[in-house]
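**Q**
Numbering (the numbering used here), first residue to last: 1499 to 1840.
Following this line, the structure appears as structure tokens:
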């Protein structure tokens, strides 16, 4: 793209915010021009004042940026069109609506607007037609908000989408979630080390509600969510009951054939779901594997017991489950509504 679309990141010092920065640093379509955090950081150099939390090195182009104050008029003057939000839900509620009303295209990782009727929870490989809901928000005359799912739901929905034709009657899912999902500084080491915490506030309800909205299913879903002491990667153990008579090979073939519908997107993996035969696959240490890193969903240990099928999946909670999900949503929007810019 000759003239990249200018964008800003809100909440740029948190872990999800930093994934936005890292993934946007060399993006072929988007140019990051504004990094925004609390007002007290205005004017400070990112590389000199922010604590970098990711395993990848801080990109030089990001380190050179200075923090900007949140100012809608200044964003307009700077020709920013896309705003990526990594804000907490309580702050996002007001800020994202302001931005939408001012004409910005808002791609949000927050839960503040996920359950609004005209706001899609978008995963392009899974429910691309839901992108059209932005027209009910007033686009193209007005701005819009597009959300990505909860980090637990993201990998789950990608793995389940190719299995929808079999009719998912019932699902039991137990999640083993990385501490990065709690943000930074997150849980006290005294709480999580050598321990597992068998409750994550609001998580189980989000899994039910978001899976049903994204996948457009009325499946009975029984989730249990547990926090475990690993840094990255949500591991999930599932048991599914199908309406149709299927076997293991049907499921494996469905995963193998599954891909994004339409032209390729820069952040979309060519193989969204990758199955591994090893008995100890997948594991959280693989969270940053795949191409693009952190965007693939890994599945393994597929087996049948009576009339149910079990398997495990792994998704990177801060890439596929957060910032990467928002970025691929922005790409899908540009491809569908602003293709003349490419």
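The C-beta atom is built at its ideal place from N, Cα and C for all residues, glycine as well.
Which residue from 1699, 1739, 1500 and 1540 puts its Cα closest to that of residue 1511?
**A** 1540
**Q** Determine the DSSP secondary structure at residue 1627, reduced to helix, strand or coil.
**A** In the structure shown, residue 1627 falls within a helical segment according to DSSP collapsed to helix, strand and coil.
**Q** Whole angstroms is fine: what's the gap from residue 1692's alpha carbon to residue 1724's?
**A** Roughly 14 Å separates the two Cα atoms.
**Q** Would you mind listing the beta strand (DSSP E) stretches within the segment 1712-1741 that are 3+ residues and don't spill past its ends, in chain order?
**A** 1718-1725 and 1732-1740
**Q** DSSP puts residue 1773 in a beta bridge; with which residues?
**A** BP columns for residue 1773 point to 1797.
**Q** Just verifying my parser: in three-state terms, what is the DSSP assignment at residue 1602?
**A** coil
**Q** Please name the residue, chosen from 1655, 1813, 1554 and 1638, that lies closest to residue 1516 on a Cα-to-Cα basis.
**A** 1554
**Q** In terms of DSSP beta bridges, what is residue 1505 paired with?
**A** 1530 and 1580
**Q** Quick check: the segment 1777-1789 against the segment 1812-1826, are there 3 or more CB pairs under 8 Å?
**A** Yes, the segment 1777-1789 is in contact with the segment 1812-1826.
**Q** Taking the continuous alpha helix (DSSP H) assigned at residue 1671, which residues delimit it?
**A** No alpha helix (DSSP H) holds residue 1671; the beta strand (DSSP E) holding it covers 1666-1675.
**Q** Rounded to the nearest angstrom, how far is the Cβ of residue 1863 from that of residue 1565, given a contact under 8 Å?
**A** A query on residue 1863 cannot be resolved here, the shown segment of the chain reaching from 1499 to 1840 and no further.
**Q** Over the uninterrupted alpha helix (DSSP H) stretch that includes residue 1691, give me the two end residues.
**A** Looking at the DSSP string, residue 1691 is not in any alpha helix (DSSP H), and its letter there is neither H nor E.
**Q** Leaving aside the five residues before and after residue 1648 along the sequence, list all residues of the same chain whose C-beta is less than 6 Å from its C-beta, in chain order.
**A** 1704 and 1708
**Q** How close, in whole Å, do the beta carbons of residue 1758 and residue 1752 come, if the pair is a contact with beta carbons under 8 Å?
**A** 15 Å between Cβ atoms; not a contact.
**Q** If we count the other Cβ atoms within 10 Å of its Cβ and call it buried at 16 or more, is residue 1696 buried or exposed?
**A** exposed
**Q** Considering only residues of the same chain and omitting the five flanking positions on each side of residue 1526, which have a CB-CB separation below 7 Å?
**A** 1499 and 1764
**Q** Using the DSSP secondary-structure output, state which residues sit across from residue 1543 in a beta bridge.
**A** 1564
**Q** If contact is defined by three or more beta carbon pairs under 8 Å, each pair taking one atom from either stretch, is the segment 1614-1629 in contact with the segment 1729-1747?
**A** no
**Q** How do the segment 1545-1559 and the segment 1570-1590 stand: do at least 3 beta-carbon pairs fall below 8 Å, yes or no?
**A** no
**Q** Nearest to residue 1509 by CA position, among 1796, 1821 and 1829, is which residue?
**A** The option with the nearest alpha carbon to residue 1509 is 1821.
**Q** How many angstroms separate the CA atom of residue 1884 from the CA atom of residue 1793?
**A** Missing from the structure shown is residue 1884; the chain here goes from 1499 to 1840 and no further.
**Q** For residue 1611, collect the residues of the same chain with a Cβ closer than 7 Å to its Cβ; drop the 5 residues on either side in sequence, then sort them by chain order.
**A** Cβ within range, chain order: 1594, 1617, 1643 and 1645.
**Q** What does a CB cutoff of less than 7 Å around residue 1502 pick up in its chain, not counting 5 residues either side in sequence?
**A** Excluding positions up to five away in sequence, the list reads 1527, 1528 and 1529.
**Q** For residue 1750, write down the residues that DSSP places opposite it in a beta bridge.
**A** In DSSP, residue 1750 forms no bridge with anything.
**Q** Is residue 1675 buried or exposed, if buried means 16 or more other CB atoms sit within 10 Å of its CB?
**A** buried
**Q** Name the residue from 1536, 1818, 1749 and 1829 whose alpha carbon lies nearest to the alpha carbon of residue 1806.
**A** 1749
**Q** From residue 1727 to residue 1677, what does the alpha carbon distance come to, in whole angstroms?
**A** 6 Å
**Q** Let me confirm a value: residue 1607 is counted as buried when at least 16 other C-beta atoms fall within 10 Å, else exposed. Which label applies?
**A** By the 10 Å Cβ count, residue 1607 comes out buried.
**Q** Along the alpha helix (DSSP H) that carries residue 1765, what are the first and last residues, could you check?
**A** Unbroken run through residue 1765: none, as it is neither H nor E.
**Q** Quick one: Cα of residue 1731 to Cα of residue 1717, how far?
**A** 25 Å
**Q** By DSSP, does residue 1499 sit in helix, in strand, or in coil?
**A** coil
**Q** Helix, strand or coil, according to DSSP, for residue 1556 in the structure here?
**A** coil
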